[in-house]
Structures are given as C-alpha cells and as structure tokens.
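Below you'll find the structure, written out as structure tokens, and then a few comments.
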Amino acid sequence: MEPLSPNDVRSEGTKPRLTLTDQIVGVFTSPGEVFEDVRVNPKRTTSWLLPLILLIIIALVSQVVMFNDVRIQQQMRDLTSKQFDQAVAQGKMTSEQRDRAEEYTSPTSGIATAIRMISTLILLPIMFFIVVLVWFLGGKIFFKSPVTYQKTMEVVGLTYCIVILESIVTLILVLAIGSLNATPSAAIVLSSFDPTDKIQILLSHLNVFTIWYLLVLGVGLSKVFERTTGAVLGMVFGLWVLYVGLTTALGIRLG
25 MEPLSPNDVR SEGTKPRLTL TDQIVGVFTS PGEVFEDVRV NPKRTTSWLL
75 PLILLIIIAL VSQVVMFNDV RIQQQMRDLT SKQFDQAVAQ GKMTSEQRDR
125 AEEYTSPTSG IATAIRMIST LILLPIMFFI VVLVWFLGGK IFFKSPVTYQ
175 KTMEVVGLTY CIVILESIVT LILVLAIGSL NATPSAAIVL SSFDPTDKIQ
225 ILLSHLNVFT IWYLLVLGVG LSKVFERTTG AVLGMVFGLW VLYVGLTTAL
275 GIRLG
C-alpha cells in the first residue's frame with residue numbers, strides 16, 4: 025500500500041479548501057462556510073487582492089460613465105458654482121480666481137478627470153488598509169483575539185464583494201434617474217445633491233448594502249476572532265454608528 029501524501033492526510037480529516045471562486049460566490053450564499061475556510065487555512069493573498077482590484081476598476085469605470093452624462097455634469101457644475109459664489113461673497117477669492125477655478129474643476133476638464141482617477145487609484149487601497157486596521161485593532165482590544173492582520177485582510181477583502189455589487193447597482197441607479205443621490209440608500213428620495221449637507225450625509229449612510237456588508241463582515245470577523253457572532257456584530261455596528269455620527273457632525277461624505 026502506498027503511503028498517504030500530506031494532501032491525502034488533510035483531506036481525510038477536513039474539507040478541501042474552497043477555491044477563490046467558491047469563496048466569492050459563498051460570500052453571498054454561505055458566508056459562514058467561507059470564513060470558516062479562511063480561519064482554518066493558510067493565508068491567501070488573492071482573497072483580498074482580487075476584490076480590491078475589481079472595486080478599483082469598477083470605481084474608475086463608474087466615474088468615466090457617470091461624468092459623461094450631461095445631467096451629472098450639470099449637477100456638479102451647479103454645486104461648484106454655488107461653492108465658488110460663496111467664496112467670492114466671503115472675500116476668500118476674486119471673480120477672476122473663481123472663473124479659473126471653475127474651469128479647472130469642470131466635470132469635463134482633463135485636469136479634474138485626472139485628479140479623480142489618480143485619487144481613486146491611491147485612496148481606495150489606503151482606505152482598505154485603514155479599514156482592515158480598524159477591525160484588526162477591534163479584535164485585539166475588545167476580544168483579545170489571536171487574529172492576524174493578514175486574516176483580517178482576507179475577511180474584509182471578501183466582504184468587499186458586496187461593496188462591488190453596491191457600486192454596480194449605484195451606477196445603474198445614477199444613470200437611470202440622473203442624480204448623484206440615486207444610491208441604494210435613503211438619500212435617493214432627495215432631489216438635490218450636496219455632499220456637505222448633513223441630512224444628505226446621514227441619509228446616504230442608511231444603505232441596504234451597507235447593512236448587508238456589516239452583517240456579513242460581523243460573521244467573518246467572528247470566525248477569525250474565534251468569538252460569538254452576536255458579540256462581534258455588536259462591535260461592528262457600534263463602531264459603524266460612531267463613524268456615521270462623526271462624519272455627519274463634521275459634514276464629511278466619504279461614501
């Protein structure tokens with residue numbers, strides 16, 4: 025009888041490892057199984073890297089498509105004109121400076137387009153690593169968990185599949201309705217767009233995909249933290265409420 029290979033020995037006691045495709049599909053169908061697979065297996069870089077790359081690509085495509093829509097262009101022009109008018113009235117800039125600034129920030133301006141693209145390429149990865157750090161520290165501080173930063177990256181990366189779906193749905197809604205408020209959130213009922221308006225910021229947070237994302241994230245973190253799902257969900261939603269309160273109070277709309 026031939027000796028068993030290490031893979032054969034492993035398969036007798038455990039299930040075979042999920043493929044990356046199975047993990048991505050499983051985030052929507054059986055997240056508990058996916059994140060248990062993440063917990064018991066060695067780290068897999070593609071589990072977080074591929075969703076992050078896909079999100080960046082979709083964000084870039086969405087910007088190109090949305091800012092080629094004349095309705096969206098007009099909304100952005102109206103918003104920037106209002107802001108520049110206020111700056112002139114307050115003596116923060118001259119009329120000549122206003123005209124030059126408006127030209128550079130036009131939705132169809134090459135400079136504005138380049139800035140949006142470069143910002144997306146830089147900020148999305150930075151925000152990803154910050155988000156991972158927040159949940160990693162949450163596991164350490166609140167639960168004294170043995171979780172590693174790499175495992176937290178896998179959980180956050182895989183849950184980004186829901187964010188990717190949200191981005192696609194948002195693009196469809198924006199193009200169908202012709203408004204930057206046309207997101208799958210309570211802000212869809214608003215007729216005007218102002219990213220600094222506190223009511224709009226608060227309503228934009230009440231997003232069905234955000235709640236779905238947080239629920240799945242809580243399940244995933246509970247697996248790698250090796251703690252109860254209810255306790256981890258309490259931490260996840262508690263920190264989210266704190267984030268919503270802070271960004272709303274400061275008038276910051278981060279998406």
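Its first residue numbered 25, the sequence shown is counted upward by one per residue in the working numbering.
We treat Cβ as the ideally placed atom computed from N, Cα and C, and that holds for glycine.
From a predicted model like this one, the values you see are computed outputs, not experimental measurements.
For Glu57, the uninterrupted alpha helix (DSSP H) run begins and ends at 55 to 64, by DSSP.
Residue pairing by DSSP places Asn205 opposite no residue, since no beta bridge is assigned to it. Counting only runs of 3 or more residues that sit fully inside the region 162 to 192, no beta strand (DSSP E) segment turns up.
One alpha carbon belongs to Ile225, the other to Thr53, and they sit about 31 Å apart. In this structure, the straight-line span from the alpha carbon of Pro75 to that of Val51 is close to 12 Å. Per DSSP, Val248 is one residue of the alpha helix (DSSP H) stretching across 232 to 249. Using a Cβ distance threshold of 8 Å, Asn205 and Ile196 do not count as a contacting pair.
Taking every protein chain shown into account, the CB of Gly275 has fewer than 16 other CB atoms within 10 angstroms, so this residue is exposed. Excluding the 5 residues flanking it on each side, Lys247 has same chain C-beta neighbours closer than 8 Å at Gly56, Phe59, Glu60, Val62, Arg63, Val179, in chain order.
Counted as a single uninterrupted DSSP element, the alpha helix (DSSP H) harbouring Asp109 occupies residues 94 to 113. Here the C-alpha atom of Ile150 lies approximately 10 Å from the C-alpha atom of Thr144. Residue state for Phe217 is assigned as coil, using DSSP reduced to three classes.
Distance from the CA of Asn231 to the CA of Gly162, rounded to the nearest whole angstrom, comes to 23 Å. Contact annotation: Ser71 and Ser191 have beta-carbon atoms that are not nearer than 8 Å. Straight across, the Cα-Cα distance linking Gln107 with Gln47 is about 45 Å.
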